[in-house]
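The block underneath contains the structure these notes are about, expressed in structure tokens.
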Amino acid sequence: MSISYNNNFLHFDNINLKQFSEESLTPYYLYSESLITDNFNTYVDSLREFNHLICYSVKANSNLSILSILAKQGSGFDIVSGGELQKVIAAGGDTKKVVFSGVGKTEEEINYALENEILCFNIESNDELITINNLANKKGVTANVSFRVNPEINVDTHPYIATGMKDNKFGIDEKTVISLYDDASKLDSLKITGIDFHIGSQINSTSPFIDSIKKINNIVTVLADRNIHLEHIDIGGGLGISYESNANLLSIKNFINELSPLLSKTGLKVIVEPGRSIVGKSGILVSKVLNIKSTPDKIFVVIDAGMNDFIRPALYNADHNILPIVSYASQKFICDVVGPICETADFMGKDKELYVKTGDYVAIEDVGAYGFSLASNYNVRPRPDEYIINSDTKSIKKIREREDYNDMVKSELKFLKT
Ligand code: LLP
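Taken in order, the sequence shown gives residues 233 to 650; the numbers are from the working numbering.
Structure representation (structure tokens):
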């Protein structure tokens, strides 16, 4: 366990969180480098029998230091914007290992990706196919393309993060995609290299993946009959993590093992785009208790982290463990842990059983994915510091500076009339 109590003091990767919190501004994100590299290497080990590429999904956590750690391990990247590509380049990532996903790529972003010779565009529509071909043609280059199939598979996850169902905006239905491959094969500035799908996120069962791969395999066969031969199959991301300490978790190893027989059948290179399963459990958000407020109905523990810092509970009703940084022997109480923002949705946890006092610290667990990357300046609050625990030295290093007042006003201040 990377998070545990030692003499009643919570430690993360052997770092005493009380001591560090007292020396730091709160809230802050803290990541464990070794958890990130362990997860990445578990994917590498599990995919060993395949010609494969792991394209870490940058949106899960795009901190440059984390991208750089993964780039050094040999990771490729799944991006959805020019900004993400810029970050991959800044972090020393190899653009030849980048796949570009997303339903709405702008011309500027496509040009930027073409200039950087990315591995592949995951195409989402006929319009996009034409645009990419035209832009590649203008530059006199060839764009590698794959089509994102919508396999119309139901997944058991929050509806906001299911992406492979019939009425979702993502992907192309199985019938239409065949004719798009035909069209693409006639376009001069494209090279067809693959096929892909991404059915959603926080999925804890292999069956929707198995059903999807079966459908994709049928398409691959139909395409081969039409003399369209692919190089890779990209199965997207989506593997879930356990947010409750005792929950059953589908491990990375079992996940890949269960898909392997079907993937082998394709004979294609395998690309995966994991985000959460690499970084999710590597991060905590530490926050200070500002007030304990009792109403006739409830006890509210008001902390200094709000939904601008961490929005998953507000947006998806996500339930994250919250641990006091000092564990007292005192009797626990049931409370809602809430932030300072002026919205009722601003909660970090409901009906949590814990004991804390004003001035104490708490750690919100499993926030490494879709934590900081969804943070905002709502209520004109600075986005927090980020730190990482170096896997060799076991010491803490800052990897992002908290914004200051100037950062937050500078892009507006210059427009004020003097
Ligand atoms: N590939 C594509 C095309 C994606 O859209 C995503 C995530 C991934 C890969 C990575 O999925 P993962 O392995 O992380 O499940 N903000 C939400 C999750 C949104 C996921 C968006 N797409 C949350 O906090 O749960």
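All residues carry an ideal CB built from backbone N, CA and C; glycine is no exception.
A residue is called buried when at least 16 other Cβ atoms come within 10 angstroms of its Cβ; Asp598 meets this threshold and is buried.
Annotated three-state conformation of Arg508 is helix, per DSSP. Where Asp568 is concerned, the enclosing beta strand (DSSP E) starts and stops at Phe565 to Val570. Taking 8 Å as the cut-off, the beta carbon of Ile628 is found closer than this to the beta carbon of Phe252. Look at Leu517 here: in three-state DSSP terms it is strand. When secondary structure is reduced to three states using DSSP, Ser526 falls in the strand class. Remark: C-beta atoms of Asn348 and Thr327 approach each other more closely than 8 Å. Exclusion of the five residues before and after Phe309 leaves Cys287, Tyr288, Val290, Val320, Gly325 and Val330 as the residues of its chain whose Cβ lies within less than 6 Å of its Cβ.
According to the DSSP assignment, Glu316 belongs to the alpha helix (DSSP H) that extends over Gly314 to Ala322. The beta carbon of Val588 lies closer than 8 Å to those of Val521, Ile524, Val533, Pro556 and Val594 in the same chain, with the five residues before and after it left out. Here Cys352 is buried. Its C-beta has 16 or more other C-beta atoms within 10 Å. Taking C-beta atoms as the reference points, Ser608 and Asn540 count as a pair closer than 8 Å. If you ignore the 5 residues before and after Val612, its C-beta comes within less than 7 Å of the C-beta of Met640, all in its own chain and listed in chain order.
Residue Gly603 holds the alpha-carbon nearest to the alpha-carbon of Glu618 among Ser643, Ile445, Ile543 and Gly603.
In this structure, DSSP gives Ala577 a state outside helix and strand, which the three-state scheme calls coil.
For Phe272, the enclosing alpha helix (DSSP H) begins and ends at Glu265 to Ser278. Beta-carbon to beta-carbon, Tyr610 and Ile573 are separated by about 7 Å, close enough to satisfy the 8 Å threshold. Contact between the stretch 558-569 and the stretch 275-283 is absent: fewer than three C-beta pairs spanning the two stretches fall below 8 Å. Note on the stretch 321-389: whole alpha helix (DSSP H) runs with a minimum of 4 residues are 339-347 and 358-371, in chain order.
DSSP places Asn486 in the helix class (H, G or I) of the three-state scheme. Distances from the alpha-carbon of Pro259 to those of Ser526, Leu517 and Met580 put Leu517 closest. A Cβ-Cβ separation of about 7 Å places Gly581 in contact with Pro545 under the 8 Å criterion.
Of the residues Gly314, Gly600, Pro440 and Phe379, the one whose Cα lies closest to the Cα of Lys423 is Phe379. Closer than 7 Å to some heavy atom of the ligand LLP: that does not describe the Cβ of Gly403. Placement of the Cβ of Pro506 at a distance of less than 7 Å from at least one heavy atom of the ligand LLP is found. Taking non-hydrogen atoms of the ligand LLP into account, the C-beta of Ala375 is found less than 7 Å away from none of them.
Annotated three-state conformation of Thr498 is helix, per DSSP. Rounded to the nearest whole angstrom, the C-alpha separation of Leu419 and Asn365 is 7 Å.
Between Lys371 and the set Asn553, Val335 and Ala345, the nearest pair of CA atoms involves Ala345.
At a cut-off of 7 Å, the beta-carbon of Lys291 counts as near the ligand LLP: some heavy atom of the ligand is closer than that. If you check the C-beta of His430 against the ligand LLP, you find a heavy atom less than 7 Å away. The Cβ atoms of Ile484 and Leu500 do not sit closer than 8 Å to each other.
Contact between the stretch 390-403 and the stretch 448-467 is absent: fewer than 3 CB-CB pairs across the two stretches fall below 8 Å. For Ser300, the CB contacts under 6 Å within the same chain, skipping 5 residues up- and downstream, are Ala323 and Gly324 in chain order. Scanning its chain for C-beta atoms nearer than 6 Å, with the 5 sequence neighbours on each side dropped, one finds around Glu384 the residues Lys398, in chain order. Within the DSSP secondary-structure output, Tyr261 pairs in a beta bridge with Leu517 and Glu618.
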